[in-house]
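Q:
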Amino acid sequence: MANNADPNTEPPEQELVITRMFDAPRELVFKAWTEPEHFVRWWGPKGYTTPFCTIDLRPGGIMHNCMRSPEGREVWTRGVFREIVVPERIVLTDSFADAEGKVVSPTHYGMSPEWPLETLLTVTFEEHAGETKVTLRHAGIPSGAERDGAQQGWVETVDRLAEYLAEV
Amino acid sequence: MPTDTLHSTFRALADPTRRAILARLASGGEASVKELAEPFQMTLPAVSKHLKVLERAGLISRGREAQSRPCRLEAGPLREVSDWVEQYRRFWEQSFDRLDDYLHELRRGENEDG
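Chains A and B, in that order, are what the protein sequence lines are.
The first sequence stops at residue 481 when you use the working numbering, and every number in between is there.
The second sequence stops at residue 117 when you use the working numbering, and every number in between is there.
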């Protein structure tokens, strides 16, 4: 590591935060996240399908999914529920996996070696006048990193710089 | 890109002063150490120390010619970082678009049934 000598540069925990309002009651949005028959209808980028999904909704329970790209490439993932508060909040890990549910390295799917082996998803559901605000936090490497309260600012900085880079 | 380059980029970005320095270079182009030190309550050596971290991470380069050795932003490592974050963002934004459509579909079904 290039900067081991500098004690002032401990990395922040890398975290992506996305918030979205949905025009539906909270119970329904929570079900859409936690019941396979609903989950397979929306999970994944545009054009992808979810041909396999099991969700064992209890602490320690496993979620095991397969996502298929429009070109037919399959990516399996699995997670373990850490926390469930119906219908307010779910916390689960997220890793790449094989069809048997065994965790595999992200490089197995051609991701860069920097990709975290395991990430943590925290999803909260808040109801406001019949609509539901979903806040998703996707936190990743490096493990054991200290939170410095600046993740949001960090993400915003990167966004601004990314805009700038698009112009260069 | 070597395996640990992304990590050193993130380490360099961990400090708010260094993020501010990069933002300044992104918006204002080249600047000397003195110019970069102005917005902060910091000595020139303290700012120089931050610049060294940024330089080692490949986030800035410094001129060799002039006495002031002006700093400029280097785009490469930042592009790698934003790509990595962007992959997650795109995945969830697109999933949420589909969830939004699906919830509307569900509710239309409910209204028809009722």
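Ideal Cβ placement from N, Cα and C applies to all residues, glycine included.
For chain B, is any of its Cβ atoms less than 8 Å away from the one on residue 457 of chain A?
A: Residue mapping note: residue 457 of chain A aligns to position 144 of the first sequence, counting from 1. The pLDDT assigned to residue 457 of chain A is 32, lower than 50, so where the model puts this residue is not dependable; a value taken from the coordinates is nonetheless given after this. It does not; no Cβ of chain B falls within 8 Å.
Q: Counting only C-beta atoms, is residue 70 of chain B closer than 8 Å to chain A at any point?
A: Translated into the one-based positions of the second sequence, residue 70 of chain B becomes position 67. Output row for residue 70 of chain B: interface = no.
Q: Identify the continuous alpha helix (DSSP H) that holds residue 438 of chain A and give its terminal residues.
A: Your numbering for residue 438 of chain A matches position 125 in the first sequence. That residue, residue 438 of chain A, is in no alpha helix (DSSP H); its beta strand (DSSP E) goes 432-441.
Q: What did DSSP end up calling residue 389 of chain A once you bin it into helix, strand or coil?
A: In the first sequence, counting from the first residue as 1, residue 389 of chain A sits at position 76. Residue 389 of chain A falls in the strand class under three-state DSSP.
Q: Thinking C-beta only, is residue 411 of chain A closer than 8 Å to residue 417 of chain A?
A: Your numbering for residue 417 of chain A matches position 104 in the first sequence. Your numbering for residue 411 of chain A matches position 98 in the first sequence. In contact: residue 417 of chain A and residue 411 of chain A (Cβ atoms closer than 8 Å).
Q: List, in order along the chain, the chain B residues whose C-beta lies closer than 8 Å to that of residue 451 of chain A?
A: Within the first sequence, residue 451 of chain A is the residue found at index 138, counting from 1. Here the neighbours are 91, 95.
Q: Taking 8 Å as the cut-off, decide whether the C-beta atoms of residue 434 of chain A and residue 331 of chain A are in contact.
A: For this step, residue 434 of chain A is matched to residue 121 along the first sequence. For this step, residue 331 of chain A is matched to residue 18 along the first sequence. No, the Cβ-Cβ distance between residue 434 of chain A and residue 331 of chain A is not below 8 Å.
Q: Would you report the Cα separation of residue 44 of chain B and residue 22 of chain B, rounded to the nearest angstrom?
A: Position 41 of the second sequence, counted from the first residue, corresponds to residue 44 of chain B. Position 19 of the second sequence, counted from the first residue, corresponds to residue 22 of chain B. If I take the Cα positions, the gap works out to 15 Å.
Q: With a threshold of 7 Å, establish whether the CB of residue 349 of chain A neighbours any heavy atom of the ligand COA.
A: Ligands displayed in this structure: none; no statement on the ligand COA is therefore possible.
Q: Going by DSSP, which residues form a beta bridge with residue 362 of chain A?
A: The residue you call residue 362 of chain A lines up with position 49 of the first sequence. DSSP lists A:381 as partners of residue 362 of chain A.
Q: Does residue 355 of chain A get closer than 8 Å to chain B when you measure Cβ to Cβ?
A: As a first step, residue 355 of chain A must be located in the first sequence, where it is residue number 42. Closer than 8 Å: yes.
Q: What number of angstroms, rounded off, separates the C-alpha of residue 339 of chain A from the C-alpha of residue 30 of chain B?
A: Working through the first sequence from its first residue, we reach residue 339 of chain A at position 26. Working through the second sequence from its first residue, we reach residue 30 of chain B at position 27. Taking the straight line joining both Cα atoms gives about 42 Å.
Q: Residue 99 of chain B touches chain A at which residues, Cβ-Cβ below 9 Å?
A: Here the question's residue 99 of chain B lines up with position 96 in the second sequence. Near residue 99 of chain B (Cβ distances below 9 Å), the residues of chain A are 331, 333, 335, 355, 447, 449.
Q: Hey, how far is the Cα of residue 34 of chain B from the Cα of residue 70 of chain B?
A: Here residue 34 of chain B refers to the residue found at position 31 when the second sequence is read from its first residue. Here residue 70 of chain B refers to the residue found at position 67 when the second sequence is read from its first residue. So the two alpha carbons sit approximately 13 Å from each other.
Q: With residue 38 of chain B as the anchor, note down where its alpha helix (DSSP H) starts and where it stops.
A: Within the second sequence, numbered from 1, the residue matching residue 38 of chain B stands at position 35. Where residue 38 of chain B is concerned, the enclosing alpha helix (DSSP H) stretches over 36-40.
Q: Could you name the residues of the same chain whose beta carbon sits closer than 7 Å to that of residue 321 of chain A, not counting the 5 residues immediately before and after it, in chain order?
A: Position 8 of the first sequence, counted from the start, is the residue given in the question as residue 321 of chain A. With a pLDDT of 39 at residue 321 of chain A, under the threshold of 50, the predicted position of this residue should be treated as unreliable, though the coordinate-derived value follows. Cβ neighbours of residue 321 of chain A beyond the five flanking positions: none.
Q: Applying a beta-carbon distance threshold of less than 7 Å, which residues of chain B neighbour residue 433 of chain A?
A: Within the first sequence, the letter at position 120 stands for residue 433 of chain A. Near residue 433 of chain A there are no residues of chain B at all, since even the closest Cβ is about 12 Å away, more than 7 Å.
Q: Thinking C-alpha only, which one of A:359, A:360, A:335, A:376 is nearest residue 293 of chain A?
A: Because chain A here runs from 314 to 481, residue 293 of chain A falls outside it and cannot be looked at.
Q: Determine, using beta carbons only, whether residue 62 of chain B and residue 39 of chain B come nearer to each other than 8 Å.
A: As a working note, residue 62 of chain B is residue 59 in the second sequence. As a working note, residue 39 of chain B is residue 36 in the second sequence. Going by C-beta atoms, residue 62 of chain B is not nearer than 8 Å to residue 39 of chain B.
Q: Please report how far the alpha carbon of residue 391 of chain A lies from the alpha carbon of residue 74 of chain B, in whole angstroms.
A: For the purposes of this step, residue 391 of chain A is identified with residue 78 of the first sequence, where counting begins at 1. For the purposes of this step, residue 74 of chain B is identified with residue 71 of the second sequence, where counting begins at 1. One C-alpha to the other measures close to 45 Å.
Q: Do the CB positions of residue 445 of chain A and residue 352 of chain A come within less than 8 Å of each other?
A: For the purposes of this step, residue 445 of chain A is taken as residue 132 along the first sequence, with counting starting at 1. For the purposes of this step, residue 352 of chain A is taken as residue 39 along the first sequence, with counting starting at 1. No, Cβ-Cβ distance for residue 445 of chain A and residue 352 of chain A is not below 8 Å.
Q: Using a beta-carbon distance below 8 Å, is residue 358 of chain A in contact with chain B?
A: Counting from 1 along the first sequence, the entry for residue 358 of chain A is found at position 45. True, the Cβ-Cβ gap to chain B drops below 8 Å.
Q: I'd like to know whether the C-beta atoms of residue 356 of chain A and residue 363 of chain A end up nearer to each other than 8 Å.
A: Position 43 of the first sequence holds residue 356 of chain A. Position 50 of the first sequence holds residue 363 of chain A. Yes. Within cutoff.
Q: Cα-Cα, which of B:112, B:91, B:67, B:25 is closest to residue 56 of chain B?
A: Looking up residue 56 of chain B in the second sequence gives position 53. That would be B:25, whose Cα lies nearest to the Cα of residue 56 of chain B.
Q: Whole angstroms is fine: what's the gap from residue 97 of chain B's alpha carbon to residue 358 of chain A's?
A: Translated into positions along the second sequence, residue 97 of chain B becomes position 94. Translated into positions along the first sequence, residue 358 of chain A becomes position 45. So the alpha carbons of these two residues sit roughly 5 Å apart.
Q: Here's the rule I'm using: 16 or more other beta-carbon atoms within 10 Å means buried, otherwise exposed. How should residue 436 of chain A be labelled?
A: Counting from 1 along the first sequence, the entry for residue 436 of chain A is found at position 123. Flag for residue 436 of chain A reads buried.
Q: In angstroms, rounded to a whole number, what distance separates the CA positions of residue 115 of chain B and residue 361 of chain A?
A: In the second sequence, the residue the question calls residue 115 of chain B occupies position 112. In the first sequence, the residue the question calls residue 361 of chain A occupies position 48. Looking at the two C-alpha atoms, the distance is approximately 28 Å.
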